Structure formats: C-alpha cells, structure tokens
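> Questions regarding the structure given below will be posed in turn.
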Amino acid sequence: MNYIRTGLLLAGLTALFGAVGMMIGGQQGMIIALLFAGAMNVFAYWNSDAMLLRMRSARQVDDKTAPELVAMVRDLARNAGLPMPKVYVIENPQPNAFATGRNPENAAVAATTGLLKLLDRNEIAGVMAHELAHVKNRDTLTMTITATIAGAISALANFAMFAGMFGGNRSENNNPLGGIGMILIAILAPMGAMIVQMAISRSREYDADRIGAEICGHPLWLASALNKLDKGVHAIPNMEAERNPATAHMYIANPLSGKGVDSLFSTHPDMANRIARLKSMVPSSPQSEAASMTHSGPWAAKSNPTSAPRRRRRPWQ
C-alpha cells in the first residue's frame, strides 16, 4: 500500500511540475528548470553519502573497533539479502540513526553514541534493521527523484516571482492571470511541492518500519526503540542537524525538534502511529508479545533484556 501511495504522490508531484511549468515558462522553461534541478540532485545522489558522514564527523568502525555492532549489522544484512554496508558511529548525545548511499552496494548505516547508550541490544537491532530497510527499498533514489522535481518547481517559482514583479503583463508570458497570478504561483507551487515531498518521506518511514521489523524478526524491538527515541530527541537537541535541516528526513527520528507530529509539514510520521503499526504486526496473545521481546536472535545470545542484572557490554565497546 505504501508503494502505491508513494507512486501516486510522485505522479501528483510530476503533474504539478508540468502544470506550473507550462503556465510559467512554457515547454522550454519547464525543460530548463528540470535540467537545472536534475544536475544538482545527480551530484547530490553520487556525493551526499560522503558529504553527510563528513558533516556529522562520523567514524567508521569495523570488527576490531566495534565487533558486536558490526556483527549485528552483518547478520541483519544477511537476513535482508543485502551486501554488508559500512558502519559508522557519530559522537552525538542525541539518540538517532540514518542510512545513506546511492545503492545497496555503496550503502552506509550510522548510529549516534546517544542511541548506543540509550538502547539495549535488541532495540539497536531493530533500529539497524529499519535503516537497512531504507537501503533495501532504495529510498535514497526515491527521495532524490522527489527532490529533483520539487527543486525544478522551486526554480520555476523563482522565475514566476521575477516575471510577476517585472514582466507580468508581457504577452509572451503563458500565465493568463498576469503579474499577481505569477506571484501567487511562486508562493503556492513550492508549498504544494514541499507538502507532497514530506508526504513521500513519511510514507517511506512507515514502509521502512514494516520491512525493518521483518528483517530483525521482532516488531516490538523496533517499537520499543522508537518509544525511547521519541523521548530522547525531545530531551537532547542536535545542533549539527539544526544547522543543516535539509537532511532531517534521513534520520529515524526527527532530529530538529523531536516533534513527531503527523502533519502536512512533517518529514516523519507521528511516533505513536508508527509504534501502533508495529504492535499490530505481533499476534495478540501476551505469550507471543513476550516472546517477541525476549527471543534471542543470532546476535542476542550473549545479551538479553530479561537476563540477570549484570552490566552488559555495549555493541561498540
């Protein structure tokens, strides 16, 4: 259902671009705007992973520096039928994580130290499975296409603003509404594109939750993690993300404000809705729910949330 919804939203965004383009710049102006936005996003698609990791001062870890975390990701990637991604740790107290990379062969998953300290082993596995779901779904490609069309609409809107202010009455303008109409389009078209873009982002998060739960095999692991993350991002600001809010949609939890409001202008679904959907994947009997929380996967035999209260080693130690 989420795939269908994403496809319909992309189709709607494309239709909006076509209508705005023909009204403002005609066929020639529409093509120029699309090529301009496409060139910028192709560059971002090929280089954004390295740029984002460098911006966040991410540190790559391996079997020697973080054996348990890397082994966990390796097991989950095998469950998902994916190549082993690169694994990064970011020194940041806000609990969060993201995936990046242009395709599964060039993917990376990253978790903050705040997340690794807050969550137990099973919850970390749920989060890493969610990120691998983004890789499996090729969501970076989907969001790049979305950004290309939205960027082209914004470029056309800038042209409309200029034309409305300085040339709105010229006959060569294709907009029959004149200068005021051009200015209105310049304001409303990017807003409409942003609403659709954020709706697509929310749709991809829901799908990553579902597939991530299937990858790790236990929906309640991820549900428990999201509950803790929702509280954690409220309590701890992420100043690096605040300085570059354009990357907020990549995180598992909104790093800007910690508000998971499922509104038109939110890049993330409401956390309560996400948790409810994950819980609905679990059979209703109490025994099955308890088994989902305590069953030890291939990486969890050494540590279990219900085991004796001894000090557990964290996956990065």
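For the sequence shown, this note's numbering begins at 1071 and goes up steadily by one.
Cβ atoms here follow ideal geometry from the backbone N, Cα and C, with glycine treated the same way.
It should be emphasised that the depicted structure is a prediction, and the values quoted were computed from it without experimental measurement.
So within the stretch 1145-1232, which uninterrupted alpha helix (DSSP H) runs reach at least 4 residues, ignoring any that extend past its ends?
Within the stretch 1145-1232, the complete alpha helix (DSSP H) runs of at least 4 residues are 1183-1188 and 1191-1207.
> Checking the sheet assignment: what are the DSSP bridge partners for R1272?
Stepping through the sequence shown from its first residue, residue 1272 is reached at position 202. Looking at the DSSP assignment, R1272 forms no beta bridge with any residue, so it has no partner.
> Which value, in whole angstroms, describes the spacing of the CA atoms of N1314 and A1283?
Working through the sequence shown from its first residue, we reach residue 1314 at position 244. Working through the sequence shown from its first residue, we reach residue 1283 at position 213. Straight-line Cα distance between these residues: approximately 30 Å.
> Can you tell me where the beta strand (DSSP E) holding V1303 begins and where it ends?
Stepping through the sequence shown from its first residue, residue 1303 is reached at position 233. Careful: V1303 lies outside any beta strand (DSSP E), inside the alpha helix (DSSP H) at P1289 to A1305.
> Measuring only the C-alpha atoms, how far is M1261 from G1082?
Here residue 1261 refers to the residue found at position 191 of the sequence shown. Here residue 1082 refers to the residue found at position 12 of the sequence shown. For M1261 and G1082, the distance between alpha carbons rounds to 14 Å.
> Quick one: using the 10 Å Cβ neighbour count with 16 as the cut-off for buried, is D1300 buried or exposed?
One-based indexing of the sequence shown puts residue 1300 at position 230. Buried, since its Cβ has 16 or more Cβ neighbours within 10 Å.
> Within 10 angstroms of the Cβ of I1194, are there 16 or more other Cβ atoms? Answer buried if so, exposed if not.
Residue numbering aside, residue 1194 sits at position 124 when the sequence shown is read from its first letter. Buried, by the Cβ-count rule.
> Answer yes or no: do L1292 and G1221 have a C-beta to C-beta separation smaller than 8 Å?
By 1-based counting over the sequence shown, the position of residue 1292 is 222. By 1-based counting over the sequence shown, the position of residue 1221 is 151. Contact: no.
> I need the straight-line Cα distance from F1106 to M1309, nearest angstrom please.
Locating residue 1106 in the sequence shown gives position 36, where the first residue counts as 1. Locating residue 1309 in the sequence shown gives position 239, where the first residue counts as 1. Whole-angstrom Cα-Cα distance: 31 Å.
> Using beta-carbon positions only, say whether I1322 and L1146 come within less than 8 Å of one another.
As a first step, residue 1322 is located in the sequence shown; it is residue number 252 there, counting from the start. As a first step, residue 1146 is located in the sequence shown; it is residue number 76 there, counting from the start. No. Outside cutoff.
> Going by DSSP in three states, S1124 sits in which element: helix, strand or coil?
To locate residue 1124, count along the sequence shown from 1; it is residue 54. According to the sequence shown, residue 1124 is Arg rather than Ser. Of the three classes helix, strand and coil, the one that applies to R1124 here is helix, per DSSP.
> Could you give the distance in angstroms between the alpha-carbon of L1296 and the alpha-carbon of L1326?
Taking the sequence shown and counting its residues from 1, one reaches residue 1296 at position 226. Taking the sequence shown and counting its residues from 1, one reaches residue 1326 at position 256. Roughly 16 Å between the two C-alpha positions.
> Only counting the same chain, and skipping five residues up and downstream in sequence, which positions put a Cβ closer than 7 Å to that of V1090?
In the sequence shown, the residue the question calls residue 1090 occupies position 20. For V1090, where only same-chain residues beyond five positions count, the Cβ hits under 7 Å are I1223, L1226, I1255 and A1259.
> Return the first residue and the last residue of the alpha helix (DSSP H) that M1309 is part of.
Taking the sequence shown and counting its residues from 1, one reaches residue 1309 at position 239. Run containing M1309: M1309 to R1313, per the alpha helix (DSSP H) assignment.
> Go ahead and pull the three-state DSSP assignment for G1367.
Counting from one through the sequence shown, the residue named residue 1367 turns up at place 297. Its pLDDT being 44, under 50, G1367 is placed unreliably by the model, and the measurement read from it follows with that caveat. Three-state result, G1367: coil.
> Along the chain, where does the beta strand (DSSP E) that runs through V1131 open and close?
As a first step, residue 1131 is located in the sequence shown; it is residue number 61 there, counting from the start. Segment R1129 to V1131, the beta strand (DSSP E) holding V1131.
> For the candidate residues M1320, N1173 and D1277, whose alpha-carbon lies nearest to that of I1345?
If you number the sequence shown from 1, residue 1345 lands on position 275. It is D1277 whose Cα lies nearest to the Cα of I1345.
> Using a threshold of 8 Å, state whether the C-beta atoms of K1187 and A1150 are closer than that.
Here residue 1187 is taken as the residue at index 117 of the sequence shown, counted from 1. Here residue 1150 is taken as the residue at index 80 of the sequence shown, counted from 1. Taking 8 Å as the Cβ cut-off, K1187 and A1150 do not qualify as a contacting pair.
> Nearest by alpha-carbon distance to G1171: which of I1101, V1157, R1191 and L1139 is it?
Indexing the sequence shown from 1 puts residue 1171 at position 101. Comparing Cα-Cα distances from G1171 to each of I1101, V1157, R1191 and L1139, the minimum goes to V1157.
> If you follow the alpha helix (DSSP H) that I1345 is part of, which residue opens it and which one closes it?
Residue mapping note: residue 1345 aligns to position 275 of the sequence shown, counting from 1. Unbroken alpha helix (DSSP H) run through I1345: M1341 to S1350.
> Are the CB atoms of N1173 and R1208 within a distance shorter than 8 Å?
In the sequence shown, the residue the question calls residue 1208 occupies position 138. In the sequence shown, the residue the question calls residue 1173 occupies position 103. It is a contact, given that the beta carbons lie within the stated cut-off.
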